[in-house]
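J.: Numbering (this note's numbering), first residue to last: 1 to 147.
Every residue, glycine too, gets a C-beta built ideally from N, C-alpha and C.
This one's a predicted model, so the numbers in the text were calculated from it and none came from an experiment.
First, the structure itself, so that you have it in front of you.
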Amino acid sequence: MPTKPFLPARKQAAYAIGQLGWSTLVNIIGLELVYFYLPPETAALPALITTVTFLGIFNAITLIAASGRLFDAVTDPIIANLSDRSRNPRGRRIPFLAAGALPAALFCTLMFVPLVRSVSAVNIVWLVAMQFLFYLFLTVYVTPYFA
């Protein structure tokens, strides 16, 4: 029975750190985005986007979040293909990881910096743009990371 190659704890930790950053960003968005843009009335925070529902069940934040994930699903195979075909001297994955990490963190942060501090269509446009850019650069990082 062949033995498995030994991977030192230091290398195991290095691989784990690569997931820590992006999973933290995704969890921040998943846990805080709705609360930030549509806080409960007891929070004493202003709503930043409309609470109007569409088709009686979807509100703006739901549609925005769903559109971001749909955009993410479309970009995943595109980035995977680009990464697989890369001939960069630094390797097929490292350039993508380097190009995606900081912009993903930046656009995640910018999602929580609305341009107007009250209900506004400007905030919807801002959130959609920042979310699409976040998911684009997250895909640039995550897809090659898992390859």
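List in chain order: all unbroken beta strand (DSSP E) runs of 3+ residues lying wholly within the stretch 37-87.
T.: None, since the stretch 37-87 contains no complete beta strand (DSSP E) of that length.
J.: Take residue 54 and list the residues in its own chain whose beta-carbon comes closer than 7 angstroms to its own, dropping the five residues that flank it on each side.
T.: Numbered from 1 along the sequence shown, position 54 holds the residue referred to as residue 54. Here the set comprises 63.
J.: Taking its Cβ as the centre, do 16 or more other Cβ atoms sit within 10 Å of residue 131, making it buried, or is it exposed?
T.: Within the sequence shown, the letter at position 131 stands for residue 131. With 16 or more Cβ atoms within 10 Å of its Cβ, residue 131 is classed as buried.
J.: With a Cβ-Cβ cutoff of 7 angstroms, do residue 71 and residue 104 count as a contact?
T.: Within the sequence shown, residue 71 is the residue found at index 71, counting from 1. Within the sequence shown, residue 104 is the residue found at index 104, counting from 1. No, Cβ-Cβ distance for residue 71 and residue 104 is not below 7 angstroms.
J.: Can you give me the start and stop residues for the alpha helix (DSSP H) that residue 128 sits inside?
T.: The sequence position of residue 128 within the sequence shown is 128, counting from 1. Counting along the chain, the alpha helix (DSSP H) containing residue 128 begins and ends at 121-146.
J.: Report back the beta-carbon spacing between residue 75 and residue 135 to the nearest angstrom; my notes put them in contact at under 8 angstroms.
T.: On the sequence shown, residue 75 is found 75 positions in, with the first residue counted as 1. On the sequence shown, residue 135 is found 135 positions in, with the first residue counted as 1. That pair is a contact at about 7 angstroms.
J.: Do three or more CB pairs link the stretch 75-86 to the stretch 6-25 at distances below 8 angstroms?
T.: Output reads no: the stretch 6-25 does not touch the stretch 75-86.
J.: Which same chain residues end up closer than 6 angstroms to residue 89 when comparing Cβ atoms and leaving out the 5 residues on each side of it in sequence?
T.: Here residue 89 refers to the residue found at position 89 when the sequence shown is read from its first residue. Cβ within range, chain order: n/a, list empty.
J.: Can you tell me where the alpha helix (DSSP H) with residue 109 in it begins and where it stops?
T.: Within the sequence shown, the letter at position 109 stands for residue 109. Element bounds for residue 109: 94-110.
J.: Between the alpha carbons of residue 28 and residue 44, how many angstroms are there, rounded?
T.: For the purposes of this step, residue 28 is taken as residue 28 along the sequence shown, with counting starting at 1. For the purposes of this step, residue 44 is taken as residue 44 along the sequence shown, with counting starting at 1. Rounded to the nearest angstrom, the two C-alpha atoms are 21 angstroms apart.
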